[in-house]
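Participant: The listed protein sequences derive, respectively, from chains A and B.
1 is the number of the first residue of the first sequence in my numbering; add one for each residue after it.
209 is the number of the first residue of the second sequence in my numbering; add one for each residue after it.
Cβ atoms here follow ideal geometry from the backbone N, Cα and C, with glycine treated the same way.
Got a structure here, written out as structure tokens. Questions coming.
There are 2 protein chains.
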Amino acid sequence: MVRKTKEDAAITRQRIIDAAREMFLQKGVSRTSLEQIATHASVTRGAVYWHFQNKAELFHAMREEVYLPLIDRMDDTLLGNADESTIDPLGRIRKHLASTIQILDNDQTTRATYEVMMTKCEYVDEFADVLKSILSNCSGLVHKLEQAYAKAQEIGQVGTQLSAAELAMDTHLFFSGLLHMWVKDTEGTLFRDRALQLIDTHINLRKK
Amino acid sequence: MVRKTKEDAAITRQRIIDAAREMFLQKGVSRTSLEQIATHASVTRGAVYWHFQNKAELFHAMREEVYLPLIDRMDDTLLGNADESTIDPLGRIRKHLASTIQILDNDQTTRATYEVMMTKCEYVDEFADVLKSILSNCSGLVHKLEQAYAKAQEIGQVGTQLSAAELAMDTHLFFSGLLHMWVKDTEGTLFRDRALQLIDTHINLRKK
DNA sequence: TATTATATACAAACATGAATGTATGTAAAT
DNA sequence: ATTTACATACATTCATGTTTGTATATAATA
């Protein structure tokens with residue numbers, strides 16, 4: 001039974017991505033062979049090489065599957081439409097951070113992908129520009145945060161002399177750290193349960 | 209010319225560690241072969257296997273070379289002796305964070321090691337417990353920060369209702385994020401020059 | 001509509017290279 | 001005389017990329 005229909009092929013492709021994610025999580029990207037991925041997906045390396053040029057392309061496919069949705073979410077949660085943006089911008093920031101954590105908490109796929117990206121991957125050669133992509137994406141997030149903080153200052157929600165840009169960067173660094181710790185704390189004893197509370201603390205620190 | 213003196217052997221060992229660090233930085237831990245490390249250190253794999261059991265042990269040796277000094281530094285910079293600790297604890301925290309960044313800035317070896325550990329290593333199998341070590345070390349740092357913040361509150365240096373524990377955790381997450389970004393920003397355009405300023409911002413946010 | 005042609009979605013086989021660990025050899029320090 | 005501090009040689013395993021084979025879905029044609 002070869003030559004499946006287009007839908008079947010799409011399913012196969014997705015199963016390969018799923019298998020890759022699981023194997024990457026178990027053994028790390030480098031130590032996972034395409035043979036292992038294929039076996040785990042109940043296909044042969046032939047199928048893998050048909051759908052992806054090599055391991056790097058497969059990695060990128062896995063990454064974009066969760067990366068793109070998160071970016072899309074950013075504008076909605078963080079800024080909203082023109083009317084909404086003036087209502088409780090500080091609360092919006094809090095909500096955005098909290099909902100990101102909640103996605104990690106609820107969605108095993110997203111969580112696994114983040115864990116792979118943060119602790120089971122070496123950013124060299126073909127993977128090096130992923131880091132650049134992450135960094136440039138950070139700039140975007142900081143910019144959005146800055147806008148939100150600016151609104152918060154306008155309506156007098158913030159109780160500090162610091163600029164919106166400074167507040168935004170501090171929040172971004174805080175959240176980067178939180179994400180890293182949250183993901184690395186696989187036992188869940190140090191950060192998993194306290195993340196939302198830590199976000200509240202961080203926001204409260206700048207409330208009037 | 210074989211069988212060097214003990215000092216020569218120690219030198220050889222150090223050169224292997226240095227070579228490993230440089231190769232890890234270039235190609236990542238997984239993609240660096242012991243042969244490449246040996247060649248880069250102008251020895252053969254025989255020498256490498258003589259000094260280290262395998263790549264993992266070599267990695268640990270590289271790591272501890274910069275990891276241990278940083279831990280030692282913590283008590284001094286952050287808490288100091290009993291007399292000093294009551295003088296400007298907030299400034300001490302700031303100084304501790306700033307000096308850590310400065311070490312990264314000045315010491316190429318430390319910087320390279322951190323870059324390897326954060327972006328060129330997969331924490332699986334033999335490397336998995338390194339993460340645990342990092343996490344448990346974080347707990348230690350947070351505890352020290354908490355003590356410092358408690359002092360700061362005692363002498364009325366802090367202008368917020370939040371507890372010392374909350375402030376400490378927020379600072380720790382901020383600094384984790386900063387370290388990650390700083391190290392990943394190899395171009396130096398986004399964080400390298402602004403790190404000290406970002407630390408000041410973070411500290412100012414909790415000043416009375 | 002039935003037939004044919006072609007591209008698709010893989011499986012299987014092949015060829016190559018590279019990394020690891022170990023075992024052995026050896027010259028000099030102790 | 002015996003370790004020490006390596007270099008050299010050997011054996012094995014494993015991952016990758018490519019090539020070839022093939023059954024079938026799908027498009028083309030008549």
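Start and end of the alpha helix (DSSP H) containing G154 of chain A?
Facilitator: Counted from its first residue, the first sequence places residue 154 of chain A at position 154. Residue identity differs from the one stated: residue 154 of chain A is Glu in this sequence, not Gly. It spans 128 to 154 - the alpha helix (DSSP H) in which E154 of chain A sits, taken as one unbroken run.
Participant: Within 10 Å of its beta-carbon, does W50 of chain A have 16 or more other beta-carbons around it, so buried, or fewer, so exposed?
Facilitator: Along the first sequence, one-based indexing puts residue 50 of chain A at 50. Burial call: exposed.
Participant: Could you run through the segment 273 to 303 of chain B and flag, in chain order, every residue whose CB is less than 8 Å away from some CB of chain A?
Facilitator: Going along the segment 273 to 303 of chain B in chain order, one finds no residue with a Cβ nearer than 8 Å to chain A.
Participant: Rounded to whole angstroms, what is the Cα-Cα separation between D76 of chain A and M62 of chain A?
Facilitator: As a first step, residue 76 of chain A must be located in the first sequence, where it is residue number 76. As a first step, residue 62 of chain A must be located in the first sequence, where it is residue number 62. About 24 Å.
Participant: Shortest alpha-carbon distance to F383 of chain B belongs to which of B:G236, B:L370, B:I363, B:L353?
Facilitator: Position 175 of the second sequence holds residue 383 of chain B. Nearest option by C-alpha distance: B:L353.
Participant: Take the Cβ of I16 of chain A as the centre, count every other Cβ of all protein chains shown within 10 Å, and call the residue buried at 16 or more, exposed below.
Facilitator: As a working mapping, residue 16 of chain A is identified with position 16 in the first sequence. It is buried - the Cβ of I16 of chain A has at least 16 other Cβ atoms within 10 Å.
Participant: Fully enclosed by the segment 219 to 255 of chain B, which alpha helix (DSSP H) runs are 4 residues long or longer?
Facilitator: Those alpha helix (DSSP H) runs which fall completely within the segment 219 to 255 of chain B and span 4+ residues are 242 to 248.
Participant: Interface residues of chain B around F175 of chain A at Cβ under 9 Å?
Facilitator: On the first sequence, residue 175 of chain A is found 175 positions in, with the first residue counted as 1. Correct list: L381, G385.
Participant: Identify the contact partners of D170 of chain A in chain B, using a Cβ-Cβ distance below 8 Å as the criterion.
Facilitator: Here residue 170 of chain A refers to the residue found at position 170 when the first sequence is read from its first residue. Chain B residues near D170 of chain A: F382, L406, T409, H410, L413.
Participant: Does V366 of chain B come out as helix, strand or coil in the three-state DSSP assignment?
Facilitator: Looking up residue 366 of chain B in the second sequence gives position 158. In the structure shown, V366 of chain B sits in a strand (DSSP, three-state: E or B).
Participant: Assign K415 of chain B to one of three DSSP states: helix, strand, or coil.
Facilitator: In the second sequence, counting from the first residue as 1, residue 415 of chain B sits at position 207. K415 of chain B falls in the strand class under three-state DSSP.
Participant: Identify the continuous alpha helix (DSSP H) that holds R281 of chain B and give its terminal residues.
Facilitator: Working through the second sequence from its first residue, we reach residue 281 of chain B at position 73. From DSSP, the alpha helix (DSSP H) with R281 of chain B extends over 263 to 286.
Participant: I'd like to check one pair, I199 of chain A with R90 of chain A: are the Cβ atoms closer than 8 Å?
Facilitator: To locate residue 90 of chain A, count along the first sequence from 1; it is residue 90. To locate residue 199 of chain A, count along the first sequence from 1; it is residue 199. Here residue 90 of chain A is Leu; the residue named in the question, Arg, does not match the sequence. Not closer than 8 Å, so no.
Participant: So, are the CB atoms of R239 of chain B and A246 of chain B less than 8 Å apart?
Facilitator: Taking the first residue of the second sequence as 1, we reach residue 239 of chain B at position 31. Taking the first residue of the second sequence as 1, we reach residue 246 of chain B at position 38. It is not a contact, given that the beta carbons lie outside the stated cut-off.
Participant: Does the pairing of the segment 52 to 60 of chain A with the segment 111 to 131 of chain A give three or more beta-carbon distances under 8 Å?
Facilitator: Contact holds: three or more Cβ-Cβ distances are below 8 Å.
Participant: Taking only beta-carbon atoms, is M427 of chain B less than 8 Å away from chain A?
Facilitator: Residue coverage of chain B in this structure runs from 209 to 416, which leaves residue 427 of chain B outside it and unanswerable.
Participant: Roughly how many angstroms lie between the CA atoms of K208 of chain A and Q316 of chain B, to the nearest whole one?
Facilitator: Counting from one through the first sequence, the residue named residue 208 of chain A turns up at place 208. Counting from one through the second sequence, the residue named residue 316 of chain B turns up at place 108. Between K208 of chain A and Q316 of chain B, the C-alpha separation is close to 43 Å.
Participant: Give the range of the alpha helix (DSSP H) segment to which D105 of chain A is assigned.
Facilitator: Along the first sequence, read from residue 1 onward, the residue named residue 105 of chain A stands at position 105. Here the alpha helix (DSSP H) through D105 of chain A covers 89 to 106.
Participant: Would you mind stating whether L242 of chain B and V256 of chain B have Cβ atoms separated by less than 8 Å?
Facilitator: As a first step, residue 242 of chain B must be located in the second sequence, where it is residue number 34. As a first step, residue 256 of chain B must be located in the second sequence, where it is residue number 48. Cβ distance < 8 Å, so L242 of chain B and V256 of chain B count as in contact.
Participant: Which of helix, strand or coil does DSSP assign to K214 of chain B?
Facilitator: Here residue 214 of chain B refers to the residue found at position 6 when the second sequence is read from its first residue. It is helical.
Participant: Rounded to the nearest angstrom, how far is the Cβ of A372 of chain B from that of L287 of chain B, given a contact under 8 Å?
Facilitator: For the purposes of this step, residue 372 of chain B is taken as the residue at position 164 of the second sequence. For the purposes of this step, residue 287 of chain B is taken as the residue at position 79 of the second sequence. Actually they are not in contact, since the Cβ atoms of A372 of chain B and L287 of chain B sit about 13 Å apart, beyond 8 Å.
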